[in-house]
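In my numbering, the protein residues as written are 8 to 213. Glycine is no exception: its CB is placed at the ideal position from the N, C-alpha and C atoms. Report on one structure; see the data block that follows.
Written as structure tokens, this is what we have:
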């Protein structure tokens, strides 16, 4: 629902796939510079000064109420809705979706596997949601079967969750004792003007 909608609906080719960026320490010849952490000539287990500096003083993650708030998503959801004008030629098309949220081991991160159908399309995605204690923000990573990878940040207030990325944002509102979730996706080319991308109403089934 929420995650795979935004990436799969690139049907109007609103924006291109991310470009590959050369890795740090890689020469034009394709070989890595000596001393690079990925240099195969380094001994196994050998740490660079940068490795030591980054690892020192880092506090171990701790579970807290911020993680517990994600519990509201856990379960299986079925949704129906309609695509918005930002979906291009499929605007006003009906859509159905199934999402399954579950905790990853340890309880720090929530995973979601989703499938959405509209017209003749089938969109599949995997999302990972967690809490960034340093930034005090929730973060959602999305990967889909079209090859897109996206990162969103957001938060929750009074049962309403909002996540935003560079060109999309979503609002997810819970109702009926957390048994219903209303999902509204928007898309923007410039980060200022937003157009409706998709509206779904999901019902918890498990």
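(message) Would residue 150 and residue 133 be called neighbours here (beta carbons separated by less than 8 Å)?
(response) Closer than 8 Å, so yes.
(request) Note down the Cα distance separating residue 145 from residue 74, rounded to an integer number of angstroms. (result) Answer to the nearest angstrom: the Cα atoms are 9 Å apart.
(request) Give the secondary structure of residue 131 by DSSP, where H, G and I count as helix, E and B as strand, and everything else as coil. (result) Residue state, collapsed to three classes: strand.
(request) Go ahead and pull the three-state DSSP assignment for residue 30. (result) Note on residue 30: pLDDT 38, under 50, position unreliable in the model; no value is reported.
(request) Take residue 195 as the anchor and find which of 101, 169, 67, 92 has the nearest alpha-carbon. (result) Closest by alpha carbon: 92.
(message) Considering only DSSP beta bridges, list what residue 160 is partnered with.
(response) Answer is 146, 171.
(request) Could you tell me the distance, in whole angstroms, from the CA atom of residue 168 to the CA atom of residue 127? (result) Distance between the alpha carbons of residue 168 and residue 127: 30 Å.
(request) Out of 191, 106, 87, 112, state which residue places its alpha-carbon closest to the alpha-carbon of residue 100. (result) For residue 100, the closest of 191, 106, 87, 112 by C-alpha to C-alpha distance is 87.
(request) Using only the heavy atoms of the ligand FMN, determine whether one of them is closer than 7 Å to the beta carbon of residue 147. (result) Looking for the ligand FMN in the displayed structure turns up nothing, as the structure carries no ligands at all.
(message) Checking 8 Å against the spacing of the C-beta atoms, do residue 187 and residue 209 come in under that value?
(response) Yes, they are a contact pair.
(request) Can you tell me which of the three DSSP states residue 154 falls into? (result) Here residue 154 sits in coil by DSSP.
(message) According to DSSP, is residue 96 part of a helix, a strand, or is it coil?
(response) In this structure, residue 96 counts as helix in the three-state DSSP scheme.
(request) Have a look at the DSSP bridge pairing and note the partners of residue 181. (result) Note: residue 181 sits in a beta bridge opposite 188.
(message) Helix, strand or coil for residue 138? Go by DSSP, reduced to three states.
(response) When secondary structure is reduced to three states using DSSP, residue 138 falls in the strand class.
(request) Specify the secondary structure class of residue 77 as computed by DSSP and reduced to three states. (result) Three-state result, residue 77: helix.
(request) Compare the C-alpha of residue 197 against each of 172, 139, 191 and name the closest. (result) Looking at the Cα atoms, 172 is the closest of the given residues.
(request) Express the C-alpha separation of residue 141 and residue 182 in angstroms, rounding to a whole number. (result) Using only the alpha carbons, I get a separation of about 30 Å.
(request) Note down, in chain order, each residue of its chain lying with its Cβ closer than 7 Å to the Cβ of residue 185, except the 5 sequence neighbours on either side. (result) Taken in chain order, the residues that qualify are 79.
(request) Identify which residue in 166, 139, 192 has its Cα closest to the Cα of residue 71. (result) For residue 71, the nearest C-alpha among the options comes from 139.
(request) Kindly list the residues whose CB is nearer than 8 Å to the CB of residue 162, restricted to its own chain and excluding five residues on each side of it in sequence; keep chain order. (result) Taken in chain order, the residues that qualify are 144, 145, 168, 169.
(request) Determine which residues share a DSSP beta bridge with residue 87 and list them. (result) When beta bridges are read from the DSSP output, residue 87 appears opposite 103, 208.
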